[in-house]
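**Q** Just passing along the structure, written as structure tokens.
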Amino acid sequence: MRKQHITALLLAALIATGASNCSIAKKAAAQGYQTIPDSEAKVLIGQIPRSVLENDTAFAWFKNNMRFGSADAAAVQAFTARAKQFSVIVYAGTWCHDSQNLLPVFFRLVDKSGYPLDKVKLVGVDRNKKAPDGSHERWNIINVPTFIVLDNNGKEVGRVVEYGKYGVIDKELGEIVSRL
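With the first letter of the sequence shown counted as 1, position 121 gets the number 664 in the numbering used here; the numbers rise by one all the way through.
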């Protein structure tokens, strides 16, 4: 009798653990991103909500870098005036120093202009610059970060790769948006 009781408890524990792991997997899938193993940094791949960068201590660089600098005034004006005419896809690596420096610059522009966060899609890539959904191929992602401006039909109207032409990505994004 005691043996059956222990067996039943072990079976219940295994089922509970399996269900728990299954619910964790479902939650990660619902979130749209996952963490992959890396010895140097926390690497997120897939669609990443901004709140994860703001709240996970592994990404302290985000909050720290948000405190410095201000958004380009002309870019803010362009984003504000044309907010309904475009969306932005950003490919970035949470492991990449350029992404760590430039994502806060971009989000300062978003914040200052009041641009809707639901029109920004942030896609995390691995060290090979690959997204789990394969979208990196469609958009020809070679370097990160890459900021792609799309019109309302989903057509690319411009992009800024890494630091862009001037080294001032918000200014360059503002110029792209002002041409819409």
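Backbone N, C-alpha and C define an ideal beta-carbon position, used for all residues, glycine too. The structure presented is a predicted model; accordingly, all values stated were derived computationally and were not measured.
Just to confirm my understanding: we take residue 629, look at its own chain, exclude 5 residues before and 5 after, and list those with CB closer than 8 Å. What are they?
**A** Numbered from its first residue, the sequence shown carries residue 629 at position 86. Excluding sequence neighbours, residue 629 sits near 662, 692, 693, 694, 695, 700, 720 and 723.
**Q** Which parts of the region 614-702 are runs of the alpha helix (DSSP H), unbroken and 4 residues or longer, counting only runs that do not cross its ends?
**A** Runs of the alpha helix (DSSP H) inside the region 614-702: 616-624, 640-656 and 678-681.
**Q** When the Cα atoms are used, what is the spatial distance from residue 639 to residue 625?
**A** Here residue 639 refers to the residue found at position 96 when the sequence shown is read from its first residue. Here residue 625 refers to the residue found at position 82 when the sequence shown is read from its first residue. Straight-line Cα distance between these residues: approximately 30 Å.
**Q** Tell me, to the nearest whole angstrom, how far the beta carbon of residue 690 is from that of residue 649; I am working on the premise that it is less than 8 Å.
**A** Residue 690 sits at position 147 when you count from the first residue of the sequence shown. Residue 649 sits at position 106 when you count from the first residue of the sequence shown. That pair is a contact at about 6 Å.
**Q** Say yes only if the C-beta of residue 712 is nearer than 6 Å to one or more non-hydrogen atoms of the ligand GDP, and no if none qualify.
**A** The ligand GDP is absent from the structure shown, which contains no ligands of any kind.
**Q** Pairing CB atoms from the region 608-619 with CB atoms from the region 641-661, are three or more of them under 8 Å?
**A** Output reads yes: the region 641-661 touches the region 608-619.
**Q** Take residue 645 and list the residues in its own chain whose beta-carbon comes closer than 6 Å to its own, dropping the five residues that flank it on each side.
**A** Sequence index remark: in the sequence shown, residue 645 carries index 102 (1-based). Within the same chain, residue 645 has close Cβ partners 688 and 712.
**Q** Assuming residue 579 is part of the alpha helix (DSSP H), what are its boundary residues?
**A** Locating residue 579 in the sequence shown gives position 36, where the first residue counts as 1. Per DSSP, residue 579 belongs to no alpha helix (DSSP H); it is in the beta strand (DSSP E), 576-579.
**Q** Who are the Cβ neighbours of residue 583 in its own chain at under 7 Å, not counting the five residues just before and after it?
**A** The sequence position of residue 583 within the sequence shown is 40, counting from 1. So the list reads 638, once near-sequence residues are dropped.
**Q** Go to residue 591, then tell me how far its beta strand (DSSP E) extends in each direction, as first and last residue.
**A** Within the sequence shown, numbered from 1, the residue matching residue 591 stands at position 48. Here residue 591 belongs to no beta strand (DSSP E), and DSSP marks it neither H nor E.
**Q** Shortest alpha-carbon distance to residue 591 belongs to which of 631, 575, 606 and 599?
**A** By one-based count along the sequence shown, residue 591 stands at place 48. The shortest C-alpha separation from residue 591 is found at 575.
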